[in-house]
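Visitor: A single structure is presented below for examination.
Right, dumping it as structure tokens:
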């Protein structure tokens, strides 16, 4: 059982620091029933999570399965500074109201994955605010500027003459201090967080709390394009709050190669089960599309329901396999004849008329299921079903 737990915990990880301590904690759980704590911090800088964020949540759920109590830390204080990791400029600060609203949204979403009975939701303002000026000064003495500038993003900004605020130097110290206050046994985060995660170990030593947390780092999940990291700004993401049909369709759109990456980092199937699926695809006994549909069903059901997932699959087959119009599509109207490119923008099918024209050139635009080739087409009085690509539809009525 111990080896199985270790295998699942190591699954998909990019790096583990002090793996021996993790093994000792698991051994104590299996032999003596002792629980341990695993911390993960999230700055509520946006209201919605996407599947890239849930890579950490999935790993936390695995730890819960094997005896861990999760410290789900919402960085409401540190969000006021903004994590400088990977940033080429100082981040815009958030208002207290924005942070509160985002934090509420996070709590609603994470329990679709985590076990509430084994999760403690924490806010770091509860212990950072009471630190006061004296405590903050003591914290700043634990690390020096020269070592802070060894950090890659700070080093690049310093050498290029780009501004670095003092508060950004304090950010990793505050994240590390969270581990001091919480006496965390393990902290997990993305590979881009390595500097901040190691700060927790450093400060636990400096404050002599009697332990040094292990650090487990997960890779950054690629988005739908299979190249760039999943990001809302790159529009290659699958949102946790996406509608079932959108979620199912987006997962079906990923490449067969990327599918296995998503299985490893997002599925609750065991490694042995995934290996059997791979073997089936390789020997031809399983079709990749069927395996991908199973993944789409699993993830859609996780964030919605079994019924919603099955309905999304049926809708996908109706639209894509049978080339039919979706059951529910948004409706728009125009009071006069309208240029096709503008119509696509007004119906939220394209971000700009220039992109709309590119879509037409690439053969991605259809009207009433007939491909459009004329970029200058004017839509006269009537009703039209507009389509861009395989998943975007709208009904337009021209008066």
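In the numbering used here, the protein residues as written are 136 to 534. Where is the CB? At the ideal position from N, CA and C, for every residue including glycine.
On the CB-based measure, 16 or more other CB atoms within 10 Å of its CB, does residue 349 come out buried or exposed?
Guide: Classification of residue 349: buried, given that the 10 Å Cβ count is 16 or more.
Visitor: Measure the alpha-carbon distance for residue 444 versus residue 277 and round it to whole angstroms.
Guide: When rounded, the distance between both Cα atoms is 51 Å.
Visitor: In chain order, which alpha helix (DSSP H) runs of at least 4 residues are fully inside the segment 371-437?
Guide: The qualifying runs are 379-387, 391-401 and 406-418.
Visitor: Where does residue 316 sit, in a helix, a strand or coil, going by DSSP?
Guide: In the structure shown, residue 316 sits in a helix (DSSP, three-state: H, G or I).
Visitor: Roughly how many whole angstroms lie between the Cα atoms of residue 419 and residue 413?
Guide: Going from the Cα of residue 419 to the Cα of residue 413 covers about 10 Å.
Visitor: Can you tell me which of the three DSSP states residue 254 falls into?
Guide: Three-state DSSP puts residue 254 in a strand.
Visitor: Cα-Cα, which of 490, 328 and 143 is closest to residue 287?
Guide: It is 328 whose Cα lies nearest to the Cα of residue 287.
Visitor: In whole angstroms, give me the CA-to-CA distance for residue 381 and residue 529.
Guide: Rounded to the nearest angstrom, the two C-alpha atoms are 14 Å apart.
Visitor: Measure how close the beta-carbons of residue 332 and residue 352 come, nearest whole angstrom, since I'm counting them as under 8 Å.
Guide: Right, their Cβ atoms sit about 7 Å apart.
Visitor: Can you find the residues in the same chain that come closer than 6 Å, C-beta to C-beta, to residue 470, ignoring five residues on each side of it along the sequence?
Guide: Hits under 6 Å: 534.
Visitor: Report the residue from 431, 295 and 324 whose alpha carbon sits nearest the alpha carbon of residue 152.
Guide: The option with the nearest alpha carbon to residue 152 is 324.
Visitor: Which residues in the same chain have their Cβ closer than 6 Å to the Cβ of residue 224, if we skip the five residues on either side of it in sequence?
Guide: Bear in mind that a pLDDT of 47 at residue 224, under 50, signals an unreliable position, so the model cannot answer this.
Visitor: What's the call for residue 435, buried or exposed, on a 16-neighbour Cβ count within 10 Å?
Guide: Buried, because 16 or more other Cβ atoms sit within 10 Å of the Cβ of residue 435.
Visitor: Considering just the uninterrupted stretch of the beta strand (DSSP E) at residue 114, what are its terminal residues?
Guide: Any question about residue 114 goes unanswered here, given that the chain covers just 136 to 534.
Visitor: Classify residue 375: buried if its beta carbon has 16 or more other beta carbons within 10 angstroms, exposed otherwise.
Guide: Buried.
Visitor: Quick check on residue 270: does DSSP put it in helix, strand or coil?
Guide: Residue 270: helix per DSSP, three-state reduction.
Visitor: Is residue 302 helix, strand or coil when you go by DSSP?
Guide: DSSP places residue 302 in helix when its eight states are reduced to three.
Visitor: Quick one: any contact between the segment 488-506 and the segment 396-416, if contact means 3 or more CB pairs under 8 Å?
Guide: No, the segment 488-506 does not touch the segment 396-416.
Visitor: Just checking my contact of residue 173 with residue 321 at CB under 8 Å: how many whole Å lie between their CB atoms?
Guide: Residue 173 to residue 321, Cβ: 5 Å. Contact.
Visitor: Is residue 448 buried or exposed, if buried means 16 or more other CB atoms sit within 10 Å of its CB?
Guide: Looking at its Cβ environment, which holds 16 or more other Cβ atoms inside 10 Å, residue 448 is buried.
Visitor: Between which two residues does the alpha helix (DSSP H) harbouring residue 334 extend?
Guide: 329-341 is the span of the alpha helix (DSSP H), which, as asked, contains residue 334.
Visitor: Residue 160: buried (16+ other C-beta within 10 angstroms of its C-beta) or exposed?
Guide: Looking at its Cβ environment, which holds 16 or more other Cβ atoms inside 10 Å, residue 160 is buried.
Visitor: Grouping DSSP H, G and I as helix and E and B as strand, with all else coil, what is residue 223?
Guide: Low confidence applies here, because residue 223 scores a pLDDT of 45, under 50, leaving its location unreliable; read the following figure in that light. Residue state, collapsed to three classes: coil.
Visitor: State the DSSP-derived secondary structure class of residue 468, mapped to helix, strand or coil.
Guide: The answer is strand: DSSP assigns residue 468 an E or B state.
Visitor: Relative to the alpha-carbon of residue 401, which residue among 474, 379, 438 and 421 has its alpha-carbon at the smallest distance?
Guide: That would be 438, whose Cα lies nearest to the Cα of residue 401.
Visitor: What separation, rounded to the nearest whole angstrom, lies between the Cα atoms of residue 519 and residue 295?
Guide: Approximately 53 Å, taken between the alpha carbons.
Visitor: Would residue 336 be called buried (16 or more neighbouring beta carbons within 10 Å of its own) or exposed?
Guide: By the 10 Å Cβ count, residue 336 comes out buried.
Visitor: Near residue 476, which residues of its chain fall below 6 Å by C-beta distance, leaving aside the five closest residues on each side in sequence?
Guide: The answer, listed in chain order, is 488, 491 and 492.
Visitor: Got a sec, what are the start and stop residues for the alpha helix (DSSP H) residue 210 sits in?
Guide: No alpha helix (DSSP H) contains residue 210, which DSSP labels as neither H nor E.
Visitor: Once you ignore the five residues that flank residue 499 on each side, which residues in its own chain have a CB closer than 6 Å to its CB?
Guide: So the list reads 523 and 524, once near-sequence residues are dropped.
Visitor: For residue 398 and residue 441, I'd like the C-alpha separation in whole angstroms.
Guide: Rounded to whole angstroms, residue 398 to residue 441 spans 19 Å at the Cα level.
Visitor: How is residue 507 classed by DSSP in three states: helix, strand or coil?
Guide: DSSP places residue 507 in coil when its eight states are reduced to three.
Visitor: Take the Cβ of residue 292 as the centre, count every other Cβ of all protein chains shown within 10 Å, and call the residue buried at 16 or more, exposed below.
Guide: Flag for residue 292 reads buried.
Visitor: At which residues does the alpha helix (DSSP H) containing residue 187 begin and terminate?
Guide: Where residue 187 is concerned, the enclosing alpha helix (DSSP H) stretches over 186-200.
Visitor: Which same chain residues, not among the five before or five after residue 237, have their C-beta less than 6 Å away from its C-beta?
Guide: The residues are 179 and 182.
Visitor: Mind checking which residues open and close the alpha helix (DSSP H) that includes residue 291?
Guide: Where residue 291 is concerned, the enclosing alpha helix (DSSP H) stretches over 287-295.
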